[in-house]
Structures are given as C-alpha cells and as structure tokens.
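In what follows, a single structure is set out as structure tokens and then discussed.
Chains as they are written, first to last, in the numbering used here: chain D, 1 to 185; chain Z, 1 to 280.
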C-alpha cells in the first residue's frame, strides 16, 4: 500500500490582474511513493517539479487530481481536499518540507530554529533543544555555531540547518525541493 | 479529520454604523468596492464574518485600512456592540452561550478573564498617568485579590515576562517609549491568563528594531503559554511570521481564508493577489 498516491495532479495559476491569464504549474502528474522509498522528480527548470511538492504540502491548492496519503493512524486522506486544520496537523507530525533556501528570522539561534517544530507539539523546551542538538551533531555542524543565527553560516551549513529542521520531526514523508542546488558539487 | 471543537467561534458577525436598511449588506462589500450603503448611507464596518480559532493557534487577519479587521476584534472584546451575529468561547458556559447576548456583568467577566486585548494605540489599553504596576493591578483586583504583596509580585512577574524593567514599575506609561508601552499593554492583557489574546496592529508605528522585539515577545508567549491569538495587521510580514492560518478582509468581508503560506504563495481571490503583489 503506497504512502502517497498522486493521481492526475494538475495545478494552474489564474492571474486575475492579467485578465484571468492561466499559467500552468504542472499537469497530469501521477506517481506512487511507498513507505521508506525515495522518489526523484527530475526535469528542467520550469517543468513543474516544485509545483508538485508544494501541492502535496498544500502551500498550493491543487487545481485537479487526487493526492491520496495514508496517515499514521491508517486513514487515507486526499491532501488536496483536506481542510486547513487537517493539513496543519499532518505538517506538525507527519509531512515535512525543505524549501530550496533557508529563510529564517535573523535573531534566532540555529538550535532554536530546529527545536521550534518540536516545541509546537509539546512545549518541552529542554527536550526540544536536546533533539535539535542531536540532529545538528549528526549533520556535522560545529557546536560553536549552534547558538548563532544560521544567517551567518556558509551555504552548505545553512542547507544542513534547513534539513535538520525537517528531520527533527521524524516525518513519514519528507519533501525536498532542490536540496543540493545551492551547493558546490 | 479534526474533530476538536474550536476554542473560539464567530458566526456571521455584522456591524453597521448608522440606521441601516435591508439593502446595506447586499449593496456593499468587495463587489461593490465600498462599505457605505448607497441607499441609506450607513457604514457596513463588517458583515458575515465567520471564523474559528483552535487552542494555541495564531490566526491572522490581514487587509487594508478600513477593511473591518479592527471592528471584528472590537466587537469580540466588547468595545462595540455587533449589529448581528454570534460568538462562542469554549471556557464560557462550555461554549454554549453567545458572548454577544451576555449580560453586561458577564461581558465584563469575559473581557477581564477570558480575553486579553492589545490595542494599536497604548492610550486605549492603558491609563497613561497611572503607574505601570497600577495598570496591571487594576486587572488583578478584578479577580478579587486584595493582598498588596501578592499583586505586586504578580505584576513584577508579568513585567519581567514582557521585558519591562521592574525598576520602572512605579512610573506611568506616559514616560515610556512606544515599544515599552506596548510591552506594558501586553503584560496587562496577560494578567489573568486569558485563553485568547487579541492583537490589533501592535507593531504599527514602531521602528523596525522595536517591532522585531515585540514580535519576538509574541512568539515567545505562544511558545511558553500556548495561548490562542488573533493577530490583526495590514503587514503581511507580521502575519507570515506569526500566523498559521489567515483571513484576508476587504470592504468589511472575509474574501479568502487559508494556510498562511498558501495565502502568500498561491492567493486565489483577485484582491488577495493584489495585496500579495503589493508587498515590498
């Protein structure tokens, strides 16, 4: 049973300021993702890869198609039709998204940025920091940087913080948007 | 999938200034591009506003000046009497009684115990010539505590939480900077641990570094107290930073509600697209 089943997904943006001009994000996209499986969406810039990810995370509202997701409690939900609170509940515990670039408030230390997702769940400050520290260690970020804002970090370090933020939640579905495009080979 | 009942629910809130007529609501709003009724001249400040807020959630309301965002907060808090509509708060009669129909005594209880309001202008929320401590104590006395030491201790804890130097507890807010006045106002709003806080353009008019500190404080309160909030702002940056879900208002109506990132990255309605594209 797939974790996620994307069927005939299409996303069209309608730009009202330009007389309702329709811009295609993606069309007729279908694929399955099994638990533990890594699926790569390949294609040139503008081919709609990010649109697919953003529809799954529901930053975009899909125009048509279904996004059948099997939740941890066994229920199958269509992410496109799920209400906003349902989406937020899944984002808190099950589905994480790593944007192409890290975007953060410049005053917040790296470990707090990572712990924030856990704090939203239970408010346990110490446990959240410990979990954040563990992930930072695993991704080989020097401990001297943990209390600094990642704004000052190198591109590669920023990208690891970006990833750590999602990994700390131990998501069942991880959406990565061009995770290495900003980095040297 | 979410069966948890809302902490706060507003149903079809309408506020009309003036005599009002049968056509007021039909002839105003985003389609008409106005909030003044062409037939009777009444001002429809807001109409048919419905929303729900869960425990611990921050709900944003964004829109231009005159869109009715503040009116929604003022009706909820009891500063204005709604023309029609209902509102329910889970801790008030187990969510079964309409706040708008409550007696003046019960409304006063709601304002002092169940809701905390932070106004755009500190002068609306504070007595500017009374000491900061007295401003907070006023709230605590409502609960019935008359013990001076306890009240002062609680005022101290609240001022510390909002980063107002305790040494200035006996000074009137009139002598404070704008940012510090806002922090005293937040301390007062928190006095009786209300489950819902209402923020009306709290950072408007503050310079950016002070704005950032007030926003950090609000984020910290969310983390530590897990209190629900409605944050009203014309500034999409503030909304992006604080709110998980957002309603967009225009000419007294909600034109779009959604996840904040969806509102910002995939706005559906013409007005929302215009608002998002007007960001700096």
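Virtual Cβ for every residue (Gly too), placed ideally from N, Cα, C.
- For residue 120/Z, the closest alpha carbon among the candidates 12/Z, 17/Z, 18/Z and 204/Z is that of 204/Z.
- With its beta carbon less than 9 Å from one in chain Z, residue 17/D belongs to the interface.
- Within the same chain, and ignoring the five residues on either side of residue 127/Z in sequence, the residues whose Cβ sits closer than 7 Å to its Cβ are 135.
- Within the DSSP bridge table, the entry for residue 52/Z names 9/Z as partners.
- Residue 119/D reaches chain Z at 223, counting residues in chain order whose Cβ is nearer than 7 Å.
- Counting only runs that start and end inside the stretch 32–117 of chain Z, the beta strand (DSSP E) elements of at least 3 residues fall at 43–53, 58–63 and 84–89.
- Residue 26/D sits in a strand when the DSSP states are folded into three classes.
- Between residue 54/D and chain Z, the shortest Cβ-Cβ separation is below 9 Å.
- Chain D has a Cβ within less than 9 Å of the Cβ of residue 269/Z.
- Straight-line spacing of the CA atoms in residue 104/D and residue 147/D works out to 14 Å.
- Per the C-alpha coordinates, the member of 3/D, 6/D and 46/D positioned closest to residue 24/D is 46/D.
- Contact annotation: residue 53/Z and residue 28/Z have beta-carbon atoms that are not nearer than 9 Å.
- Beyond the five residues adjoining it in sequence on each side, residue 162/D comes within less than 6 Å, by CB distance, of 98 and 102 in the same chain, given in chain order.
- Going by C-alpha positions, residue 267/Z is about 5 Å away from residue 273/Z.
- Secondary structure note for residue 57/D: its alpha helix (DSSP H) is the uninterrupted segment 49–57.
- Here residue 233/Z carries a strand assignment [DSSP, helix/strand/coil].
- When only Cα atoms are considered, residue 145/Z and residue 192/Z end up about 11 Å apart.
- Counting along the chain, residue 186/Z sits inside the alpha helix (DSSP H) bounded by residues 178–190.
- The beta carbon of residue 171/D sits closer than 7 Å to the beta carbons of 94, 95 and 96 from its chain, once the five residues preceding and following it are set aside; these are given in chain order.
- Proximity of residue 8/Z to chain D, defined by a Cβ-Cβ separation below 9 Å, is not satisfied.
- Around residue 245/Z, the beta-carbon contacts reaching into chain D at under 9 Å are 84, 85 and 88.
- With the criterion set as a beta carbon lying under 7 Å from some beta carbon of chain D, the stretch 101–118 of chain Z has no members that meet it.
- Within its own chain, the residues whose Cβ lies closer than 8 Å to the Cβ of residue 194/Z, once the five positions on either side in sequence are excluded, are 113, 114, 115, 116 and 227, listed in chain order.
- Between residue 61/D and residue 66/Z, the gap from beta carbon to beta carbon reaches 9 Å or more.
- DSSP, reduced to helix, strand and coil, places residue 148/D outside both helices and strands of the structure shown, so it counts as coil.
- Listed along the chain, the chain Z residues whose CB falls inside 9 Å of the CB of residue 104/D amount to none; the nearest CB is some 10 Å away.
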